[in-house]
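What follows is one structure encoded as structure tokens, with my remarks underneath.
Numbering (full-length UniProt numbering), first residue to last: 1 to 503.
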């Protein structure tokens with residue numbers, strides 16, 4: 001592959017290139033903190049180096065573990081755990097205030113749990129939380145549920161326990177797989193997902209990635225990606241599900257983790273942890289169904305992602321979670337395709353690129369058109385998972401056309417059209433009064449805002465781009481106080497906007 005930058009004249013010792021250039025298989029000039037190829041790329045803004053002789057995955061994992069262990073140790077030193085044990089264990093009938101407090105916290109969690117990756121059956125979880133200790137959810141799951149319930153509370157008395165429960169959630173999740181709880185694997189996956197969402201919301205990205213990777217490892221080792229595979233599921237560490245609800249929980253567990261990984265790995269330019277490079281790693285389970293629907297007894301499937309991208313007819317895949325998963329596939333795939341474009345590509349490579357580009361554009365457009373026929377109306381004053389599905393779909397088209405913003409009028413029109421549509425999705429929502437928004441919306445708003453900043457320099461559409469940019473920044477400003485991550489994204493956009501105004 002060719003590289004048009006001056007880095008082609010620079011010879012670096014083997015292993016000295018940044019991680020993005022290694023993944024993209026292009027020449028790196030080794031400039032720090034940001035090399036030339038990364039600085040000129042819209043998709044790879046985070047330029048990272050690793051020391052020679054060290055595996056990047058190993059180094060990253062060790063760094064993540066070290067950060068978590070240090071954080072847990074700090075919290076243990078700062079926190080009086082006697083408060084936690086008193087709070088957690090005092091649920092007896094003689095302590096009605098404590099029981100009431102637990103009810104308030106769980107209710108706070110359950111009110112928003114579907115928006116933070118809770119895939120377990122809510123009714124069963126709520127019932128089991130009040131059962132005797134042997135029948136309760138695992139310590140890891142309860143601790144993370146309480147952590148979120150506390151975090152979303154508007155009571156100062158309850159919020160005072162947030163650091164306590166964060167430390168407890170980290171401890172219990174780390175120990176969960178060695179426990180004897182009968183549901184320890186699935187409930188540990190759930191705890192990891194909740195922790196990942198929590199850390200991303202707090203803009204603690206390294207810890208969010210760590211818990212995402214842990215959840216990915218668990219769903220793959222449990223072979224959840226092979227449920228109802230035509231080739232059989234193979235040996236599993238899980239016993240057969242007791243009923244269709246438990247099977248549904250496992251299917252939803254996989255797709256929830258899949259969405260989490262697809263979105264956040266794409267956001268930071270790292271490769272997906274779901275690399276379907278062999279029959280054993282291929283995703284063969286069905287799309288998730290709504291809670292009260294079950295699959296026919298002998299239903300089997302295979303090549304789930306490939307069939308979706310090839311537009312092969314499907315009998316299932318219209319639940320809110322299934323559509324969210326499909327939108328995440330499009331976002332990941334469109335971002336990868338768009339990032340492969342380079343000026344001066346050899347003819348054969350350019351032909352392959354534009355074939356992929358055209359195919360992806362058709363899939364995205366077809367998916368967006370299908371949403372109105374299978375999803376409930378978006379005329380609501382509060383966001384729901386369906387909002388993320390719509391915005392992800394529009395962001396997919398933007399990512400696909402982004403390399404051609406200044407080169408192709410048709411692409412510019414597509415970008416403006418889908419930016420407008422993505423902004424209108426939340427037109428009926430009072431963001432400032434909404435207690436919870438998926439933090440990943442900050443990434444999507446950031447993508448839209450960055451491209452509108454570039455487009456606002458164009459004399460042909462500067463007025464509309466500036467207006468749309470103002471709307472995006474207003475949404476981010478309204479959501480910023482509730483999410484440190486969204487607030488950090490807004491600061492970045494303000495900095496970029498100020499810089500563009502001075503040029």
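In this text, a Cβ means the ideal position worked out from N, Cα and C, and glycines have one as well.
In the DSSP assignment, residue 301 forms a beta bridge with 229. In the structure shown, residue 401 falls within a helical segment according to DSSP collapsed to helix, strand and coil. Judged by DSSP in its simplified three-state form, residue 181 adopts coil rather than helix or strand. Straight-line spacing of the CA atoms in residue 285 and residue 121 works out to 19 Å.
A direct Cα-Cα distance of roughly 11 Å separates residue 369 from residue 394.
Two segments are said to touch when three or more pairs of C-beta atoms, one from each, lie closer than 8 Å; by this definition the stretch 433-441 touches the stretch 478-486.
By the criterion of a C-beta distance shorter than 6 Å, residue 319 is surrounded in its chain by 288, 289 and 290, once the five residues flanking it on both sides are discounted. Residue nearest to residue 114 within the set 249, 453 and 100 is 249 (criterion: CA-CA distance).
When 322, 340, 450 and 357 are compared, the shortest CA-CA separation from residue 390 is found for 322.
Given a length threshold of 4 residues, each whole run of the alpha helix (DSSP H) inside the stretch 304-346 is given here in chain order: 304-309 and 320-339.
Here DSSP, grouped into helix, strand and coil, assigns residue 129 to coil. Minimum Cα-Cα distance from residue 363 among the listed residues 312, 103 and 158 corresponds to 312. Assigned with DSSP and collapsed to three states, residue 291 falls in coil, not helix or strand.
In the three-state reduction of the DSSP assignment, residue 485 falls in the helix class, which pools H, G and I. Here the C-alpha atom of residue 392 lies approximately 6 Å from the C-alpha atom of residue 327. Unbroken beta strand (DSSP E) runs of no fewer than 3 residues, entirely contained in the stretch 220-282, are not found. Excluding residues up to 5 positions away in sequence, 442 and 446 lie with their Cβ nearer than 6 Å to the Cβ of residue 489 in the same chain. 325 is the residue among 273, 325 and 150 whose C-alpha sits nearest the C-alpha of residue 309.
CA-CA distance, residue 357 to residue 18, rounds to 27 Å.
Membership of residue 142 in the alpha helix (DSSP H) is indicated by the continuous run 139-151.
Under the three-pair Cβ rule at 8 Å, the stretch 241-255 counts as touching the stretch 219-226. In this structure, residue 415 sits near residue 451, with a CB-CB distance shorter than 8 Å. The alpha carbon of residue 316 has as its nearest neighbour, out of 331, 332 and 293, the alpha carbon of 293.
Annotation for residue 398: 415, 418, 419, 447, 448 and 451 place their beta carbon closer than 7 Å to its own, counting only its chain and skipping 5 residues before and after. Separation of residue 126 and residue 475 (C-alpha to C-alpha, rounded to the nearest whole angstrom) is 34 Å.
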